[in-house]
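Novice:
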Amino acid sequence: MKLEGKKVLLGITGGIAAYKAPLILRELVKLGADVRVVMTECAHRFVAESPLEVLSRHPVHSNMFARDEEFPVLHIGLAAWADLVLIAPATANFAAKMAGGLADDLLSALLLSTRARLVVAPSMEEHMLDHPATQNNLHLLRERGCALLDPGAGELASGASGRGRLPEPEEIVDAVVSLLAEGGDLEGLTLLVTAGPTVEDVDPVRYIGNRSSGKMGYALAQRGLARGAQVRLVSGPTQLQPPAGAEVRWVRSTLEMQREAEALFDGTDAAIMAAAPADYRPKQVITEKIKRDGGELSIELVENPDIAAGLGARKQEGQQLVVFALESENGLEHARGKLARKRGDLVVLNNVGEEGAGFEVDTNVVTLIDAEGQVEKLPKMSKAEVADRILDWVAARCREEA
């Protein structure tokens, strides 16, 4: 079983999504994990202790001063026992307590003591999630190395629809499995992955974009996590759910993607530029909707910066840069030219004319070309398999540099 012998502490805080905690607990136990549950006082208003004790086969802890034979000093003992601490759901209030280092109950106190991996699954109303104070708190937790799961979108407790839903139990469990994976060949490495399209606004309702689905970049992020890497994902607008455990930065335009990629590049071992950012943007965005007048319409465009080339120019010794080339003719020639111009280490050539390649499909047909001139043409395979072949190259190169 994937979590056999692993010790997981499940912290439950007082939000409506706490009713999903038994489902998360059940899946963790089914995978072989030894799970102990700690609840805040408010969590008892949403879920009872009895099902949690039955599923975990252990007492549920809430009182920091309760007597316990196994852990005489409860918050210290539980903190040292755990391989991973999962907070699900994490309310806005509890995220603020974590960011501020407060320790006024058992769960918050043990978080200051533990050296285990920490996974936080926020759940709250959209306006609470978007409040600057909440965003600052979540950003601070990310900077401290916390694996922050991106909240889902859908119907909320208020009846409104929006962001802020607790990720589905299987997504949360997948994140735990990824973070506790042993022997991953990318363990200890930090990857920056860009994914999806960018869009450039023309007016309040129109934009310039492309057909990129983000599937290749998301596959790279997911497989990187599964192989033990810390993954920073910069994503344009997609219909995909980010892989649980990735640090996600959402962007819309190419300039926004450039800003986030450059901010995250320092301290990464490899950057994989799988996004399809728009090459041009309108010189001026019209503030009101353009009206049809029966005549021609001209939009003056200006060139966007080349994000990959910018990272290549500032790349430090030991950092790897993987770039992508989407070509329809003279693919090898153009791909080699891009690799040189962008100062990349590997270029992934994607020929849109081949069956099973390109946008909006789950397969790809690519050719890998490295800076030493080695060429490897891969057969049609799933994008997850392509991601693994790219990550095989990254793992080998990083081992050489080490």
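Residue 78 is where the sequence shown starts when you use my numbering, and the numbers rise one by one after that.
Note that the Cβ used here is the ideal one computed from N, Cα and C, for glycine as well.
Answer yes if the segment 336-352 comes into contact with the segment 385-399, meaning at least three C-beta pairs across the two stretches below 8 Å, and no otherwise.
Specialist: yes
Novice: With DSSP collapsed to three states, give me the class of P209.
Specialist: In the three-state DSSP reduction, P209 falls in the helix class (H, G or I).
Novice: Buried or exposed for I363, going by 16 or more other Cβ atoms inside 10 Å?
Specialist: Exposed, by the Cβ-count rule.
Novice: Alpha carbon to alpha carbon, what distance is there between F436 and I367?
Specialist: 30 Å
Novice: Using alpha carbons as the reference points, say which of E453, L374, P354 and I249 lies closest to V328.
Specialist: Ranking the options by Cα distance to V328, first place goes to P354.
Novice: Report the partner residues of R242 according to the DSSP bridge assignment.
Specialist: G229
Novice: Helix, strand or coil for H138 per DSSP?
Specialist: strand
Novice: Which of helix, strand or coil does DSSP assign to V106?
Specialist: helix
Novice: Can you tell me whether M116 is buried or exposed, with buried defined as 16 or more other CB within 10 angstroms of its CB?
Specialist: By the 10 Å Cβ count, M116 comes out buried.
Novice: Tell me, which residues are paired with D111 by DSSP?
Specialist: Answer is K84, bridged to D111.
Novice: Can you tell me the Cβ-Cβ gap for A252 and A224, rounded? I've got them flagged as a contact below 8 Å.
Specialist: 6 Å
Novice: For the pair the segment 81-97 and the segment 155-173, tell me if three or more CB-CB distances fall below 8 Å.
Specialist: With the rule of 3 Cβ pairs closer than 8 Å, the segment 81-97 counts as touching the segment 155-173.
Novice: Please report the distance separating the alpha-carbon of V424 from that of A167.
Specialist: 40 Å
Novice: So if DSSP puts A348 in a beta bridge, which residue, or which two residues, is it bridged to?
Specialist: In the DSSP output, where bridge partners are listed per residue, A348 has L269 and L398.
Novice: Distance, Cα to Cα, V471 vs G301?
Specialist: 10 Å
Novice: How long is the line joining the alpha carbons of P320 and V114, rounded to whole angstroms?
Specialist: 25 Å
Novice: Can you list, in chain order, the residues of its chain whose CB lies under 7 Å from that of M141, leaving out five sequence neighbours each side?
Specialist: L151, H152, D182, L183 and A186
Novice: How far does the alpha helix (DSSP H) with V471 in it extend, from its first residue to its last?
Specialist: K460 to E478
Novice: Mind checking who A167 pairs with in its DSSP beta bridge?
Specialist: DSSP output for A167 lists P199 as bridge partner(s).
Novice: Out of E478, D469 and E477, which has the shortest C-alpha to C-alpha gap to G261?
Specialist: D469
Novice: Quick check on K419: buried or exposed, where buried means 16 or more other Cβ atoms within 10 Å of its Cβ?
Specialist: Buried is the label assigned to K419, since at least 16 other Cβ atoms lie within 10 Å of its Cβ.
Novice: Using the Cα positions of A258 and L374, report the straight-line distance between them to the nearest angstrom.
Specialist: When rounded, the distance between both Cα atoms is 55 Å.
Novice: So, does the segment 223-241 touch the segment 275-286, judging by three or more C-beta pairs under 8 Å?
Specialist: In short, these stretches do not touch, since the Cβ pair count stays below three.
Novice: For A347, count the other beta carbons within 10 Å of its own beta carbon; 16 or more makes it buried, fewer makes it exposed. Which is it?
Specialist: buried
Novice: What whole-angstrom Cβ distance do D447 and D422 have, given they're in contact under 8 Å?
Specialist: So it is a contact: roughly 7 Å between Cβ atoms.
Novice: To which residues does DSSP link W327 through a beta bridge?
Specialist: S312
Novice: Please determine, among E410, R358, E380 and V124, the residue with the shortest C-alpha to C-alpha distance to T283.
Specialist: In the sequence as displayed, the identity of residue 283 is Arg instead of Thr. R283 has its Cα closest to that of R358, out of E410, R358, E380 and V124.
Novice: Thinking C-alpha only, which one of Y96, V162 and M350 is nearest P128?
Specialist: Y96
Novice: For the alpha helix (DSSP H) holding E410, just list the boundary residues, first then last.
Specialist: From DSSP, the alpha helix (DSSP H) with E410 extends over G408 to R418.
Novice: If you draw a straight line from the C-alpha of Q397 to the C-alpha of A323, how long is it?
Specialist: For Q397 and A323, the distance between alpha carbons rounds to 19 Å.
Novice: Are P246 and I93 closer than 8 Å when you measure CB to CB?
Specialist: no
Novice: Give the straight-line distance between the Cα atoms of E81 and L409, rounded to the nearest whole angstrom.
Specialist: 47 Å
Novice: Bridge partners for I363 per DSSP, in chain order?
Specialist: None, per the DSSP bridge assignment.
Novice: Quick one: residues in its chain with C-beta nearer than 6 Å to the C-beta of K79, no 5 flanking neighbours on either side, listed in chain order?
Specialist: So the qualifying residues of the chain are L108 and V254.
Novice: What's the call for R326, buried or exposed, on a 16-neighbour Cβ count within 10 Å?
Specialist: buried
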